[in-house]
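A.B. asks:
Residue numbers (the numbering used here): 868 to 1406.
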């Protein structure tokens, strides 16, 4: 009996152990399934929120915002070349970007149509090189320079680069639309049509913007960092910089159709009287002509004064191959004008905000360097922001981003100074010393070799080094003096040579001063140059 009782107890004990193990096993299975269902539900909710937060507007094909507050890392004001490229670049790095642009339709502009090879290299670095595809963009390999019946061809030094690297010329509106589409294709970019009316500030820090939608609704948007790149007519720059805008001239723009330039795949610069004329292809069938008119006003289009000026003063100075088409284009009446603005970068470092593009820095568009500067700046901003996980400490971020203003100087200031100096040298003048400087510059570039390759490397953005600019500018001036003194110097020629050097100094030194001598030539001596990224807590 005892033996039977013991056996029964052992069997019951074994049964209970097995049951307990089974319960643990079943409990583990139920817990796993329950956790899996919770995770799946959470993921679906997050995807739903993201689809609301970064949904698409079928009316324009761009990403537009939802109603979730605090969902944006960076607000970008303006979706031109700078704004669109910046939005794509930051979003590709994982930032949530809200872009507010006044007009998302394709624009018809007469500038921003020539991208130098240096700018194209930056476009490649940002992953945006395909934006020049499918817009009938034309490859540009250099310039042809005309003066007083002579001409010389200056080719970009592209031998060390991939065969695809060259300048590009195109319709600005088509290029910008491609950039916008590329940016809007990312799920963390919200692109909205609206007009930003003011920055939202609190305790001397920018917290976001106030804007009107295309329907007239007044809204506010908030983010730890607001980047203003709303172009040369910016109404927001005054609180972020000290704008000293100069308007040395205006461009008169025309489009010549179904004709080729004398030098294929080259921009053409005519050193005319009183100022330069530009020709370059913007499509396979169209040539852009830009006539520079000194001063802040142009003759009236309405009463025919401008057409008369173009026919009588400008047309006789252009290459004969283009004369007939030039006159026909004037007769069609399709003439546009735009002021040429220059403005050195003079920022007020402001917590929570940053300036970029034409809102921040402008130079004369003669050399086509604006987009190269903007894209170079975007590469710098991307690299500076990459180590940062959190952008909410606005004062610390502001001090760190002061390094941007110093790091950009060598490239930006070289391109800015070259544009301002070349424009003044290329303009006709009744002053004999200025005439000699203009002639010397043309002949110096015509020498070939290092005398043309060095300056064209500067112009193209392939070698934007301040010392190289300084060297070639004064080498051309000294070359002009040498021409005067050889073979027989005279007191009159020596005096003219001295005035030539003095005039050259009077052209370049004020521009360098406005750019900042120390930042341009010796950026490593500026403390902000070494500013390290702030330490942020791991998320």
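All C-beta atoms in this analysis are idealised placements derived from N, C-alpha and C, irrespective of residue type, glycine included.
To the nearest angstrom, report how far apart residue 1336 and residue 1266 are at their CA atoms.
C.D. replies: Taking the first residue of the chain shown as 1, we reach residue 1336 at position 469. Taking the first residue of the chain shown as 1, we reach residue 1266 at position 399. Going from the Cα of residue 1336 to the Cα of residue 1266 covers about 31 Å.
A.B. asks: Under three-state DSSP, which class holds residue 1016?
C.D. replies: Taking the first residue of the chain shown as 1, we reach residue 1016 at position 149. Of the three classes helix, strand and coil, the one that applies to residue 1016 here is coil, per DSSP.
A.B. asks: Distance check for residue 1101 and residue 1056, CA to CA, integer angstroms please.
C.D. replies: In the chain shown, the residue the question calls residue 1056 occupies position 189. In the chain shown, the residue the question calls residue 1101 occupies position 234. Each residue's alpha carbon lies about 23 Å from the other.
A.B. asks: For residue 1025 and residue 1132, I'd like the C-alpha separation in whole angstroms.
C.D. replies: Within the chain shown, numbered from 1, the residue matching residue 1025 stands at position 158. Within the chain shown, numbered from 1, the residue matching residue 1132 stands at position 265. When rounded, the distance between both Cα atoms is 14 Å.
A.B. asks: Less than 9 Å between the C-beta atoms of residue 1322 and residue 1312, yes or no?
C.D. replies: Locating residue 1322 in the chain shown gives position 455, where the first residue counts as 1. Locating residue 1312 in the chain shown gives position 445, where the first residue counts as 1. In contact: residue 1322 and residue 1312 (Cβ atoms closer than 9 Å).
A.B. asks: Assuming residue 1262 and residue 1218 make a contact with CB atoms under 8 Å, what is their CB distance in whole Å?
C.D. replies: Here the question's residue 1262 lines up with position 395 in the chain shown. Here the question's residue 1218 lines up with position 351 in the chain shown. Confirmed, Cβ separation roughly 5 Å.
A.B. asks: Leaving aside the five residues before and after residue 1085 along the sequence, list all residues of the same chain whose C-beta is less than 6 Å from its C-beta, in chain order.
C.D. replies: Here residue 1085 refers to the residue found at position 218 when the chain shown is read from its first residue. Here the set comprises 1079.
A.B. asks: Kindly identify the DSSP beta-bridge partner or partners of residue 1108.
C.D. replies: On the chain shown, position 241 is the one that residue 1108 refers to. DSSP, once it has assigned bridges, lists 1214 as partnering residue 1108.
A.B. asks: For the beta strand (DSSP E) that contains residue 1394, what are its first and last residues?
C.D. replies: Walking along the chain shown from the start, residue 1394 turns up at place 527. It is not in any beta strand (DSSP E) - residue 1394 carries neither H nor E in the DSSP assignment.
A.B. asks: Measuring CA to CA, which of 948, 987, 1376, 981 is closest to residue 1291?
C.D. replies: Taking the chain shown and counting its residues from 1, the one referred to as residue 1291 is at position 424. Cα-wise, what sits closest to residue 1291 is 1376.
A.B. asks: Below 8 Å on the Cβ atoms is my contact criterion, and I expect residue 995 with residue 1010 to pass it. Report the Cβ-Cβ distance as a whole number of Å.
C.D. replies: In the chain shown, residue 995 corresponds to position 128, counting from 1. In the chain shown, residue 1010 corresponds to position 143, counting from 1. The pair is not a contact, with the Cβ atoms about 25 Å apart (cut-off 8 Å).
A.B. asks: Just mark residue 1355 as buried or exposed, buried being the case when its beta carbon has 16 or more other beta carbons within 10 Å.
C.D. replies: The residue given as residue 1355 occupies position 488 in the chain shown. It is exposed - the Cβ of residue 1355 has fewer than 16 other Cβ atoms within 10 Å.
A.B. asks: If you run the structure through DSSP and keep just helix, strand and coil, what is residue 1175?
C.D. replies: Here the question's residue 1175 lines up with position 308 in the chain shown. Three-state result, residue 1175: helix.
A.B. asks: Pairs of beta-carbons, one from the segment 1148-1164 and one from the segment 1118-1131, closer than 8 Å: are there three or more?
C.D. replies: Flag = yes, the segment 1148-1164 and the segment 1118-1131 touch.
A.B. asks: What does residue 1203 pair with, by DSSP beta-bridge criteria?
C.D. replies: The residue you call residue 1203 lines up with position 336 of the chain shown. In the DSSP output, where bridge partners are listed per residue, residue 1203 has 1120.
A.B. asks: What are the boundary residues of the alpha helix (DSSP H) that includes residue 1273?
C.D. replies: Within the chain shown, numbered from 1, the residue matching residue 1273 stands at position 406. Element bounds for residue 1273: 1261-1274.
A.B. asks: Going along the chain, which residues of its own chain have a beta-carbon closer than 6 Å to the beta-carbon of residue 1269, five neighbours each way excluded?
C.D. replies: Here residue 1269 refers to the residue found at position 402 when the chain shown is read from its first residue. 1216, 1395, listed in sequence order.
A.B. asks: Are residue 1365 and residue 1307 closer than 9 Å when you measure CB to CB?
C.D. replies: Indexing the chain shown from 1 puts residue 1365 at position 498. Indexing the chain shown from 1 puts residue 1307 at position 440. No, the Cβ-Cβ distance between residue 1365 and residue 1307 is not below 9 Å.
A.B. asks: By DSSP, does residue 1010 sit in helix, in strand, or in coil?
C.D. replies: For the purposes of this step, residue 1010 is taken as the residue at position 143 of the chain shown. Three-state result, residue 1010: strand.
A.B. asks: Give me the DSSP bridge partner(s) of residue 1311.
C.D. replies: In the chain shown, counting from the first residue as 1, residue 1311 sits at position 444. Residue 1311 is not bridged to any residue.
A.B. asks: Taking the DSSP output, what are the residues bridged to residue 1229?
C.D. replies: Sequence index remark: in the chain shown, residue 1229 carries index 362 (1-based). The partner list for residue 1229 (beta bridge, DSSP) reads 1210.
A.B. asks: Using a threshold of 9 Å, state whether the C-beta atoms of residue 1090 and residue 955 are closer than that.
C.D. replies: Translated into the one-based positions of the chain shown, residue 1090 becomes position 223. Translated into the one-based positions of the chain shown, residue 955 becomes position 88. No, these two residues do not count as a Cβ contact at 9 Å.
A.B. asks: Opposite residue 1135 in the DSSP bridges: which residues?
C.D. replies: Indexing the chain shown from 1 puts residue 1135 at position 268. DSSP, once it has assigned bridges, lists 1011, 1146 as partnering residue 1135.
A.B. asks: To the nearest angstrom, how far is the alpha carbon of residue 1169 from that of residue 977?
C.D. replies: In the chain shown, residue 1169 corresponds to position 302, counting from 1. In the chain shown, residue 977 corresponds to position 110, counting from 1. Rounded to the nearest angstrom, the two C-alpha atoms are 19 Å apart.
A.B. asks: How should residue 1152 be labelled, buried or exposed, when 16 other C-beta atoms within 10 angstroms of its C-beta is the threshold for buried?
C.D. replies: Numbered from 1 along the chain shown, position 285 holds the residue referred to as residue 1152. Its Cβ having fewer than 16 others within 10 Å, residue 1152 is exposed.
A.B. asks: Start and end of the beta strand (DSSP E) containing residue 1059?
C.D. replies: As a position in the chain shown, residue 1059 is number 192, starting the count at 1. Start and end: 1056-1069.
A.B. asks: When we look at the beta-carbon of residue 1190 and count the other beta-carbons within 10 Å, is it buried (16 or more) or exposed?
C.D. replies: Counting from one through the chain shown, the residue named residue 1190 turns up at place 323. Exposed, because fewer than 16 other Cβ atoms sit within 10 Å of the Cβ of residue 1190.
A.B. asks: Under the assumption that residue 974 contacts residue 1076 (Cβ atoms under 8 Å), give the Cβ distance between them as a whole number of angstroms.
C.D. replies: Taking the first residue of the chain shown as position 1, residue 974 is located at position 107. Taking the first residue of the chain shown as position 1, residue 1076 is located at position 209. No, residue 974 and residue 1076 are not in contact; Cβ-Cβ is about 21 Å, not under 8 Å.
A.B. asks: Would you kindly work out how many angstroms separate the C-alpha atoms of residue 980 and residue 1001, rounded to a whole number?
C.D. replies: Counting from one through the chain shown, the residue named residue 980 turns up at place 113. Counting from one through the chain shown, the residue named residue 1001 turns up at place 134. Cα to Cα, residue 980 sits roughly 15 Å from residue 1001.
A.B. asks: Taking C-beta to C-beta, are residue 1241 and residue 1185 nearer than 9 Å?
C.D. replies: Looking up residue 1241 in the chain shown gives position 374. Looking up residue 1185 in the chain shown gives position 318. Not closer than 9 Å, so no.
A.B. asks: Between the Cα of residue 1243 and those of 1254, 1064, 1274, spot the shortest distance and give me the residue it belongs to.
C.D. replies: Sequence index remark: in the chain shown, residue 1243 carries index 376 (1-based). Answer by Cα proximity: 1274.
A.B. asks: Report the CB separation of residue 962 from residue 940 in whole angstroms; it is logged as a contact under 8 Å.
C.D. replies: Position 95 of the chain shown, counting from 1, holds the residue named residue 962. Position 73 of the chain shown, counting from 1, holds the residue named residue 940. Yes, they are in contact, since the Cβ atoms of residue 962 and residue 940 sit about 4 Å apart, within 8 Å.
A.B. asks: Report, in whole angstroms, the separation of the C-beta atoms of residue 1134 and residue 949, which I expect to be a contact under 8 Å.
C.D. replies: By 1-based counting over the chain shown, the position of residue 1134 is 267. By 1-based counting over the chain shown, the position of residue 949 is 82. Going by Cβ atoms, the distance from residue 1134 to residue 949 rounds to 22 Å, so no, they are not a contact pair.
A.B. asks: State the Cα-Cα distance for the pair residue 1329 and residue 1065, rounded to the nearest angstrom.
C.D. replies: Taking the first residue of the chain shown as 1, we reach residue 1329 at position 462. Taking the first residue of the chain shown as 1, we reach residue 1065 at position 198. Cα-Cα distance, rounded: 38 Å.
A.B. asks: Just confirm the distance between the C-beta atoms of residue 1390 and residue 1277, as a whole number of angstroms; I'd bet it's less than 8 Å.
C.D. replies: If you number the chain shown from 1, residue 1390 lands on position 523. If you number the chain shown from 1, residue 1277 lands on position 410. That pair is a contact at about 6 Å.
A.B. asks: Do residue 953 and residue 1093 have their C-beta atoms within less than 9 Å of each other?
C.D. replies: Numbered from 1 along the chain shown, position 86 holds the residue referred to as residue 953. Numbered from 1 along the chain shown, position 226 holds the residue referred to as residue 1093. No.
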